[in-house]
Amino acid sequence: MQPPRLLSFSRLLQSPSTRATRFCGCPSRPGLLGALQPTSPTVGSAPLGWSTVPVRFAGHNKWSQIKRAKAVNDGKRGATFTRLALTITAAVKAAVLNDAKKVNMPKATVEKAIKRGTGETDEKLTHEVYQGYGPHQVAFMITHVFRILLLLPCPHFPPGCSETMTDNPTRTVQRVRSILTRAGGSITSVEWLFQKKGLIHFDRGTRTDSDDTVLENAIDAGAEDIEELGGGAYKVICGYQDLQKTYRQLTGTHGYHVTTAELTYIPDSHVDLNEEQLPDLEHTFDRLEDVDEVTKVHCNAA
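Using my numbering, the first residue of the sequence shown is number 1, and each one after it goes up by one.
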């Protein structure tokens, strides 16, 4: 299988100083989706262009291939869960509203209950991202969701882009601690080994934009890195605080079709594992993903 092409830009339109700083300031490193790199040191009035950049992904090894396959399966599974969750929510809401009307339940009470169920109240929730080391000093960032919040009004946008929300983390943290401990690790702070970012997968949808136009529009929307996946599909990394803004510009302003949008953790450095160590990592990864409340597992294995 051919590795995906990385997109780079040689000319930036208008405000060259601010844009060049914004996009060239992101260091190219293994694990990142390939930082956009200028193909020319000067910025003029020439049209925007791209070229193929030969970059070694932290991915041309067995674990990265396993991780890539897991990501594809997780994406399909997550999209299915999202659709089902929305369908269930709509069906339950319709049935309950009908019952509420039958008993003349006050409208204010109904609305308050709906807000509580959708997370729109001032109710305190605990934000949970579990951190620690697993086998062979591989660092893990594990997200846990107890209550799903639909933050963006879009049927195909994954709920819970605010990451992990729970009002009862005790059981989950005990299970996560047990899994990491049995793997020779422990729960401890490893956040400093990762960068928190926004991750968006999108395609052109019904648009017929050229690759140059897609690249320019993604940059305008807030992309820090962009990877061409083939077949008119792209993967974008943006600042985690810009996730909603970038999503809305890609879909609303430019009319592209976003398939997934979520928070992610990108490692600053990687731990290389040999063939004998890989099964330990895969076993730990699978056990963590089997925890019901865990929605995403990130690690810094190469």
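No residue lacks a Cβ here, since even glycine has one placed at the ideal position from N, Cα and C. These figures come from a predicted structure and were not determined experimentally.
Below-8 Å beta-carbon distance, residue i vs any chain B residue
| i | result |
| --- | --- |
| G232 | You won't find chain B in this structure, because it holds only one protein chain. |
Own chain, CB closer than 6 Å to residue i, minus 5 neighbours either side, in chain order
| i | result |
| --- | --- |
| D292 | none |
| C238 | G198, G222, A223, E224 and T246 |
| Y240 | K196, K197, G198 and L263 |
| H298 | M141 and Y265 |
| A100 | V110 |
| R207 | G255 |
| A183 | G134, P135 and T284 |
| E289 | V297 |
Simplified DSSP assignment, three categories, for residue i
| i | result |
| --- | --- |
| V306 | Lying before the first or after the last residue shown, residue 306 is absent from the chain, which here runs from 1 to 302. |
| Q277 | coil |
| A301 | strand |
| G252 | helix |
| V138 | coil |
| V103 | coil |
| V110 | helix |
| E293 | coil |
| E262 | strand |
| R287 | helix |
Exposure label - residue i; buried when at least 16 CB within 10 Å
| i | result |
| --- | --- |
| A139 | buried |
| K112 | exposed |
| D286 | exposed |
| T251 | buried |
| N300 | buried |
| V236 | buried |
| K296 | buried |
| V103 | exposed |
| E191 | exposed |
| P135 | buried |
| R204 | buried |
| T172 | buried |
| P106 | exposed |
| A108 | exposed |
| G255 | exposed |
| T170 | exposed |
| T253 | exposed |
Sequence-distant residues of the same chain with beta carbon closer than 8 Å to residue i, five excluded per side
| i | result |
| --- | --- |
| T188 | Q131, G132 and Y133 |
| L193 | A139, P267, D268, S269 and N300 |
| S186 | G132, Y133, R177 and L180 |
Sequence-distant residues of the same chain with beta carbon closer than 7 Å to residue i, five excluded per side
| i | result |
| --- | --- |
| D242 | G198 and G222 |
| Q174 | none |
| Given 8 Å, three or more beta-carbon pairs between the stretch 212-222 and the stretch 271-283 | Counting Cβ pairs under 8 Å, fewer than three are found: no touch.
| request: Would you mind listing the beta strand (DSSP E) stretches within the stretch 161-233 that are 3+ residues and don't spill past its ends, in chain order? | output: The stretch 161-233 contains, as complete beta strand (DSSP E) runs of 3+ residues, the segments 194-203 and 223-230 (chain order).
| message | Across the stretch 174-187 and the stretch 221-236, are there enough close Cβ pairs to call them in contact, namely three or more that are closer than 8 Å? | response | They do not touch, by the three-pair rule.
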